[in-house]
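A quick write-up on the structure given underneath.
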Amino acid sequence: MRIGIVGPADRAVAWEKHLRPHRTVSEVVIAGKLSEIGEVNACLLMDNYSKNLDRLLAAVKAGYHTFLIAPIPTQTKQIEKVYHAAEESNVLVQFSHWPTLAPASKWMSKKIAKPSFLQVNRELNYSEFVESDHPFEYYWIDELAFCLRWINGSVHHIDLKTVELSKQHLYALHILLRFESGATANIYVNVTATNSRHHRLAANNHFILDCDVLEQSVRLGEENRDGHLFFNSKSFDASKAAELAALSFLKAIQFNRETIYNAYHLWELNKTIDKIKKRLTRV
Numbered sequence: 001m002r003i004g005i006v007g008p009a010d011r012a013v014a015w016e017k018h019l020r021p022h023r024t025v026s027e028v029v030i031a032g033k034l035s036e037i038g039e040v041n042a043c044l045l046m047d048n049y050s051k052n053l054d055r056l057l058a059a060v061k062a063g064y065h066t067f068l069i070a071p072i073p074t075q076t077k078q079i080e081k082v083y084h085a086a087e088e089s090n091v092l093v094q095f096s097h098w099p100t101l102a103p104a105s106k107w108m109s110k111k112i113a114k115p116s117f118l119q120v121n122r123e124l125n126y127s128e129f130v131e132s133d134h135p136f137e138y139y140w141i142d143e144l145a146f147c148l149r150w151i152n153g154s155v156h157h158i159d160l161k162t163v164e165l166s167k168q169h170l171y172a173l174h175i176l177l178r179f180e181s182g183a184t185a186n187i188y189v190n191v192t193a194t195n196s197r198h199h200r201l202a203a204n205n206h207f208i209l210d211c212d213v214l215e216q217s218v219r220l221g222e223e224n225r226d227g228h229l230f231f232n233s234k235s236f237d238a239s240k241a242a243e244l245a246a247l248s249f250l251k252a253i254q255f256n257r258e259t260i261y262n263a264y265h266l267w268e269l270n271k272t273i274d275k276i277k278k279r280l281t282r283v
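If you count the sequence shown from 1, position 162 lands on 162 in full-length UniProt numbering, and the numbers rise without skipping.
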């Protein structure tokens, strides 16, 4: 395959290193603009700007399988256009939702394909939150995307509880999701903590998975024949996420299967985001 990389030269070179080892890649073309990559089979589009979905749509309409490497977009109508264009053109699209693409997450999803119970606790030190580049909604949207993708079902009911002192700033949010499958997901985000903590707990009838996200370590719990619960721990290298994401994208093209986080997943996420934001204006 001939792969095009569109974006800043320094980032493009870093991603080229992830692509080169794969036997299916015959050539990598780096360009500053989509119009400059020529005839390629697929494209890595590094675009953090507000109009990146327009450029993604152009890539899809040009027939390029495309991996958009950017923060998760939240423009529902434009995402719907990308989804339909990809379906009509038989083009694969992948988005860089790093919580889903992380090595620990991929391993967990192999152990539990669809959890019946999922709980996320994400607490941030307040000073770190104030100094960060991200608004409050970035954190709950990130976790919502993770939960929806893993459970991968229709949301039946949403409950919200908030902490806001002046009705101008949101400091904590609890989201309870009930799915038509019977699964539930709890998301708790708090930006007033003394110490930052980030845990995800998932379970089905066979396993309990307890993930320390900051440490990228997972405890796998299961019962032995005597009914006693025991745990095994496993650690992961978060720096491998980009390499694994590139490999996942290439394999999806090679075997003509859905990408790990595609336009449909993003569209479903954004429809749920819109419902939650509408509810938040009433809370």
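Beta carbons: idealized from backbone N, C-alpha and C, even for Gly.
- For Tyr188, the uninterrupted beta strand (DSSP E) run begins and ends at 184-193, by DSSP.
- Collapsing the DSSP output to three states places Arg282 in coil.
- If the five residues before and after Glu243 are omitted, its C-beta is found closer than 7 Å to the C-beta atoms of His18, all from its own chain and listed in chain order.
- Residue pairing by DSSP places Ala203 opposite Phe117, Ile208 in a beta bridge.
- Partner residues in a beta bridge of Ala245, as assigned by DSSP, do not exist.
- Annotation: the continuous beta strand (DSSP E) that includes His65 extends over 65-69.
- Looking from the CA of Arg200, the closest CA among Glu137, Lys33, Val213 belongs to Val213.
- Considering only Arg282, Phe146, Leu247, Lys275, the residue with the shortest C-alpha distance to Ile3 is Leu247.
- For Ser26, the three-state secondary structure derived from DSSP is coil.
- Only residues of its own chain outside the window of five on either side were considered, and among them none has a CB closer than 7 Å to the CB of Lys51.
- Note: Leu44 is bridge-paired with Ile5, Phe67 in the DSSP secondary-structure output.
- DSSP links Thr162 through a beta bridge to Leu173.
- The C-alpha of Ser166 is placed about 18 Å away from the C-alpha of His174.
- Spatial neighbours of Ala185 in its own chain (CB-CB distance under 7 Å, excluding positions within 5 residues in sequence) are listed in chain order as Leu118, Cys147, Ile151, Leu177.
- When His228, Ile276, Ala241, Asn224 are compared, the shortest CA-CA separation from Ile69 is found for Ala241.
- Around the beta carbon of Arg149, a 10 Å sphere encloses 16 or more other beta carbons of the protein chains shown; the residue is thus reported as buried.
- Going by DSSP, Glu258 is part of no alpha helix (DSSP H) at all; its letter is neither H nor E.
- With a threshold of 16 other beta carbon atoms within 10 Å, Pro99 meets it and is buried.
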